[in-house]
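In the numbering used here, the protein residues as written are 611 to 1012.
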C-alpha cells in the first residue's frame, strides 16, 4: 500500500518562543498543514502528537486528549508518541500504521518542542533545579549523573574523539562540516543560524568538550512541524495539484544500549541501529545509497554528521569528511546533505527535528525550495532520526513521482 505525504509545514526555528502558548502553536501548525495539503479539516481522520517539550520539566498528561478538545474536532485516532530524539519519526510511523490498517485514510502528525532556558511560569528556582536533577538521573543513569553527566555532549565527544583518532580525521578537516551546513542554512529563512563562517572560526569558537567546539554543536531550540499522510485511495479521489511524494521505504532498529555502549561488541562511534535501519529502508525501497538525491540526517554534532553518513552507506568509513571539505554536499552535488542547514545550523528542537527533516525533503522533492533547491533532478530523498546516542534509529525513503 502506498502512503502519500500530502501536506507539510514547519515553523521558523527560534531559540525561545515568547507570547504564545503551545496550544496556539499547535493550532497554527494544524491550519498551515491543511493549507499546504489543500483539504478541509473535516477530511482528517486521525491526529498524532509528540510531547510539547521533551525531558522531565514539563509532564503533559493526556496531552492528545486535551489537544483534541482544544481543536474541537472528532478523530478516529488521538494519541501521543515519545521516545527521545526519534519521537517525531515514530509519530509519523504510527500515523502510517493507522492508514495501513485501513482505519484511517488521512492522519496528521503535529510535532513540537517548546523548550527554553527560562524557568517555567509558576515554578520556583529550587523546584526547577530539583526537576532538572531528577530528569538527568532518569536519562543518564544514577552513576553518570552523579559524576557530572548533565547533558549528552561528553558521550558524543568521547565517541567523536575515538572516531577521529582511528579514522585519521584531522581537527582542521572537521571544521568544514559546520562551514558547509551554514552555507546550506544561508538560503533557509526558517533556519536558526544563517551567518556564514570560515573553517578557522570553528576552532576559534568556545571549546565545549574536546574535540567539540561551539560551532560543532547543535543548538536546543523551539520549533514545530506538521505532516499530513494520506492513503492511496484518498490521493486518487482528491488528487493534489503538487508533485506527489510517497513513502517508498521504512527502516527501524534499536540496540540494547544507552548512550555510550558498555557492551564490547558495539563500536562506540558507529551505530548498528542506523546501519540496520538504513539497510531495511533501502531494501524495502529497492534502492542503493547512490540512488539518493537529498538526505536530511540527525547529525547533532559535526562528528555524528560524518558517522551517520558512513553508517548509511553514502561514504566509506573515514571518508565523509572529504565530501564536506571539497564542498560535495551542496545543492549542485549528487547527494545534497541537509539542505535545511542540518541540526547544527537549522537548529535542534529535538521533539520536532525528524518532522522538520521530512518537511524539508518533501519540499525538495516537490521542487519548491527556491534558492536552496537541488539542481537537476531530485526524485529520491532520505530522512534519518535517532535517540540516545544513536542507540536507536529510524529511516524513511521518500519518492517524488512523475
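Yeah, the Cβ is synthetic: ideal placement off N, Cα and C, and Gly gets one too. Because the structure is a prediction, the values reported are computed rather than measured.
Continuous beta strand (DSSP E) stretch holding residue i: start and end
i: residue 814; result: Premise fails: residue 814 lies in the alpha helix (DSSP H), 809-814, not in any beta strand (DSSP E).
i: residue 859; result: 855-864
Local conformation of residue i per DSSP, three classes
i: residue 745; result: helix
i: residue 831; result: coil
i: residue 879; result: coil
i: residue 690; result: strand
i: residue 1000; result: coil
i: residue 894; result: helix
i: residue 987; result: coil
i: residue 624; result: strand
i: residue 614; result: strand
i: residue 979; result: coil
i: residue 789; result: helix
i: residue 874; result: coil
i: residue 948; result: coil
i: residue 1011; result: coil
i: residue 655; result: coil
i: residue 619; result: strand
i: residue 802; result: coil
i: residue 723; result: strand
i: residue 667; result: The predicted model places residue 667 with a pLDDT of 47, which falls under 50 and marks its position as unreliable; any figure quoted below should be read in that light. Residue 667 falls in the coil class under three-state DSSP.
i: residue 672; result: coil
i: residue 795; result: helix
i: residue 770; result: helix
Backbone CA spacing between residue i and residue j [nearest angstrom]
i: residue 642; j: residue 648; result: 10 Å
i: residue 675; j: residue 689; result: 8 Å
i: residue 645; j: residue 818; result: 42 Å
i: residue 627; j: residue 957; result: 14 Å
i: residue 891; j: residue 717; result: 22 Å
i: residue 933; j: residue 1003; result: 23 Å
i: residue 1005; j: residue 861; result: 5 Å
i: residue 923; j: residue 814; result: 32 Å
i: residue 876; j: residue 882; result: 7 Å
i: residue 986; j: residue 942; result: 8 Å
i: residue 746; j: residue 695; result: 15 Å
i: residue 691; j: residue 660; result: 5 Å
i: residue 623; j: residue 637; result: 17 Å
i: residue 996; j: residue 937; result: 25 Å
i: residue 765; j: residue 617; result: 37 Å
i: residue 771; j: residue 988; result: 35 Å
i: residue 840; j: residue 704; result: 13 Å
i: residue 878; j: residue 917; result: 11 Å
i: residue 736; j: residue 959; result: 26 Å
i: residue 904; j: residue 1009; result: 11 Å
i: residue 851; j: residue 619; result: 17 Å
i: residue 870; j: residue 981; result: 39 Å
7 Å CB neighbourhood of residue i in its chain, flanking five on each side removed
i: residue 928; result: 777, 778 and 779
i: residue 714; result: 655, 656, 686, 687 and 708
i: residue 651; result: 644 and 683
i: residue 898; result: 892
i: residue 953; result: 828, 908, 909, 910 and 963
i: residue 970; result: 906, 949 and 950
i: residue 796; result: 804 and 806
Cut-off 6 Å between Cβ atoms - residues of its own chain near residue i, not counting five sequence neighbours on either side
i: residue 612; result: 842 and 856
i: residue 979; result: 973
i: residue 670; result: 661 and 662
i: residue 886; result: 863
i: residue 939; result: 790, 933 and 947
i: residue 769; result: 878 and 879
i: residue 719; result: 658, 701, 702, 705 and 837
i: residue 894; result: 859
Delimiting residues of the alpha helix (DSSP H) encompassing residue i
i: residue 930; result: 930-935
i: residue 847; result: 842-847
i: residue 826; result: Counting along the chain, residue 826 falls outside any alpha helix (DSSP H), and DSSP gives it neither H nor E.
i: residue 1022; result: With the chain running from 611 to 1012 in the structure shown, residue 1022 is simply not present.
i: residue 643; result: 632-647
Beta strand (DSSP E) runs wholly inside the region 899-934, at least 3 long, in chain order: Counting only runs of 3 or more, we get 904-906.
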